[in-house]
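Enquirer:
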Amino acid sequence: MIYKSSVVLALILGFVGFKSMQPTITGDDKESLIISAMLQYVDNVHFAPKPIDDELSKFVFKTYLGEGRRRETIFYTRRY
22 MIYKSSVVLA
32 LILGFVGFKS
42 MQPTITGDDK
52 ESLIISAMLQ
62 YVDNVHFAPK
72 PIDDELSKFV
82 FKTYLGEGRR
92 RETIFYTRRY
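Note that my numbering has the sequence shown beginning at 22, numbered continuously upward.
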């Protein structure tokens, strides 16, 4: 019986200690963490990654809004 209670106590203390060591994420940090995770995911998974910069933004804006084509053409074209 003493062995069970000491194991349970050790698990509880370990869990509390582990949770207290976790950093708290505020609003700005959370947004930057999400954005960096998304960019890392795109870099790792995309079959032909392109740099996400102003040139890509101009291309997407021109293709999506300027030319009036169907939305899917942005993702299938090789012009960029």
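A virtual CB, placed ideally from N, CA and C, is assigned to each residue, including glycine.
What are the boundary residues of the alpha helix (DSSP H) that includes F80?
Expert: Element bounds for F80: D75 to F82.
Enquirer: For K71, does the three-state DSSP call read helix, strand or coil?
Expert: Coil, per DSSP.
Enquirer: Considering only the beta carbon of each residue, do I73 and L54 sit closer than 8 Å?
Expert: Going by C-beta atoms, I73 is not nearer than 8 Å to L54.
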